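**Q** In the numbering used here, the protein residues as written are 20 to 381.
Pasting the structure below:
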C-alpha cells in the first residue's frame, strides 16, 4: 500500500503543505531549523517507504504526464521485426524526458463481445467504441500515442478520435501529416533493378499470408508494385506465390518449394517479400541441396538485426529500423508541442546490402 503525504506529515509532526514542499524540492534550506526539519521529513519518508509519483509531479509542473503510449498489434510475429524500432523510439524519448509505455491493441477498445448486437455497420461500431473507451483513455494517462504496424481501420479511427497527439508509424494510414513510413515501393523498385541489371529472366515473388491478420500490411503490395514498375516493360517473367502461415511458427515451405523447384535455375531469382520468408526458404533449400546464389538467385525486401547476425550473406534491401524509431520519437514530441498537434509526414528511404545470394547471371 502506498504511503501518503498525510501519513508522513502526521509521523513527522508537520503540515501536509510542508511535506509537499520538501519532497518536491521547493523547500528553502537557508536556515538551520528549516534544513533540519526538511532532513527529518526526508528520513521519515524513506523509513515509511514513500515513492514519489513522477507523473503527478510532471502534471503539476507542466500539465503533462510525460508518458507516451506505443500501440502495437496483438500479433505475436509482429513484435520480432518491430523490436529494433521500439528500442530506437524508447532511447530517443528518454532523451526528450518522456517515458514509453507499451499498449496492446486489445487494451484500447472493448472486446468485440461487448459490442451491442444491433451495431452491424462498422462506422456505428467505431462510434460506440469512442463513446465507451477502455481504461487507457478514461483518465489522462498519456500525452500522446505512437500507433505502429498492422492496426485495424476501426481501431485507427478510435485512436484518432480520442488522442489528438498521435503518430502513425509504419501503418496503413497515409496522410500528409503525422505519418512516418518506409518507402516500400522504393524497396521493391530497388530490388527489381538489381535483378534486372544482373540478367535474371524470371522473378518468383513470394509473399507470406497470416490467418490472424485483420488486413494486409501495405508493405507487401507496395514491394511487389515497386518491382513490377521496373520489369513490366521488359521481357522478364514474373510469377507470384503465397507462403501460407500455419500454427507453431511454421510456414508451408516444403509444398511451395516442391511446386516451384523445377523452375529454379541460375537465371531465375526469388523475391522474398520479407527477410523472415527468405530465411525460411534458405533453410528448406539447404535441406534439399539447392544452393542460393548458385542454383537460383534470391533476395529479400527487408533486413532485420536477426538476419544480419544469422545470415549476413543474404542479398537484400536494407533500412535502419533503430533510426526509424528515433525519428518517430522526434516526430511525436514535435506533435505534442505543436498547438495543432501536427507535423509533416516523412518517408524513410532504403539502401542495398550486396550479400552473395544474387550474383550476376553468367
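Even for Gly, the Cβ is constructed at its ideal location relative to N, Cα and C.
Computed from a prediction, not measured in an experiment: that's the story for all the values here.
1. Given this structure, state the Cα-to-Cα distance separating residue 199 from residue 169, to the nearest angstrom.
2. For a test of the three-state rule: what should DSSP assign to residue 272, helix, strand or coil?
3. Check for me: the alpha helix (DSSP H) holding residue 185 runs from which residue to which?
4. According to DSSP, is residue 50 part of a helix, a strand, or is it coil?
5. Along the beta strand (DSSP E) that carries residue 115, what are the first and last residues, could you check?
6. Considering residue 86, what are the terminal residues of the beta strand (DSSP E) in which it resides?
7. Touching or not, the region 108-115 and the region 346-354, by the rule of three or more beta carbon pairs under 8 Å?
8. Hey, quick one: how far does the beta strand (DSSP E) through residue 165 stretch, first residue to last?
9. Give every residue of the same chain whose Cβ lies closer than 7 Å to the Cβ of residue 376, excluding the five residues on either side of it in the sequence, and list them in chain order.
10. Assuming residue 221 and residue 176 make a contact with CB atoms under 8 Å, what is their CB distance in whole Å?
11. From which residue to which residue does the alpha helix (DSSP H) around residue 306 run?
12. Kindly give me the distance between the Cβ atoms of residue 293 and residue 227, rounded to whole angstroms, as I take these residues to be in contact under 8 Å.
13. Indicate the three-state DSSP secondary structure (helix, strand or coil) for residue 38 in the structure shown.
14. Per DSSP, which one or two residues make a beta bridge with residue 180?
15. Pull up the distance between the alpha-carbon of residue 279 and that of residue 206, whole angstroms please.
16. If we call anything under 7 Å between Cβ atoms a contact, is residue 203 one with residue 242?
17. Could you spell out the range, first to last residue, of the beta strand (DSSP E) harbouring residue 198?
18. Is residue 50 buried or exposed, if buried means 16 or more other CB atoms sit within 10 Å of its CB?
19. Shortest alpha-carbon distance to residue 260 belongs to which of 272, 302, 254?
20. Which residue from 36, 298, 343 puts its Cα closest to that of residue 328?
21. Please report the Cβ distance between residue 336 and residue 209, rounded to the nearest whole angstrom; I am assuming they are in contact, meaning their Cβ atoms lie under 8 Å.
22. Which residue wins for smallest C-alpha separation from residue 101, given the options 361, 60, 343?
23. Check residue 264 in the structure and name its three-state DSSP category.
24. When DSSP builds the beta bridges, which residues end up paired with residue 228?
25. Identify which residue in 211, 88, 30, 365 has its Cα closest to the Cα of residue 124.
26. So which of 276, 254, 252 has the shortest CA-CA distance to residue 262?
27. Find out if the Cβ-Cβ distance for the pair residue 246, residue 218 is shorter than 7 Å.
28. Does DSSP put residue 160 in a helix, in a strand, or in coil?
29. Is residue 379 helix, strand or coil by DSSP?
30. May I ask which residues mark the beginning and end of the beta strand (DSSP E) holding residue 317?
31. In this structure, how does DSSP classify residue 123 when only helix, strand and coil are distinguished?
32. If you draw a straight line from the alpha carbon of residue 362 to that of residue 195, how long is it in whole angstroms?
33. Between 90, 214, 367, which lies nearest to residue 380 when the distance is taken from Cα to Cα?
34. Please identify the residue among 165, 182, 23 whose C-alpha is closest to the C-alpha of residue 189.
35. What separation, rounded to the nearest whole angstrom, lies between the Cα atoms of residue 283 and residue 341?
**A** Let me lay it out:
1. 14 Å
2. helix
3. It is not in any alpha helix (DSSP H) - residue 185 instead sits in the beta strand (DSSP E) that spans 185-188.
4. coil
5. It is not in any beta strand (DSSP E) - residue 115 carries neither H nor E in the DSSP assignment.
6. 86-91
7. yes
8. 163-167
9. 311, 312, 316, 317, 318, 332, 333, 334
10. Incorrect: roughly 42 Å between the Cβ atoms, too far for contact.
11. 294-306
12. 6 Å
13. helix
14. The partner list for residue 180 (beta bridge, DSSP) is empty, contrary to what the question assumes.
15. 24 Å
16. yes
17. 198-201
18. exposed
19. 272
20. 298
21. 5 Å
22. 343
23. strand
24. 263
25. 88
26. 276
27. no
28. coil
29. coil
30. 316-319
31. strand
32. 9 Å
33. 214
34. 165
35. 35 Å
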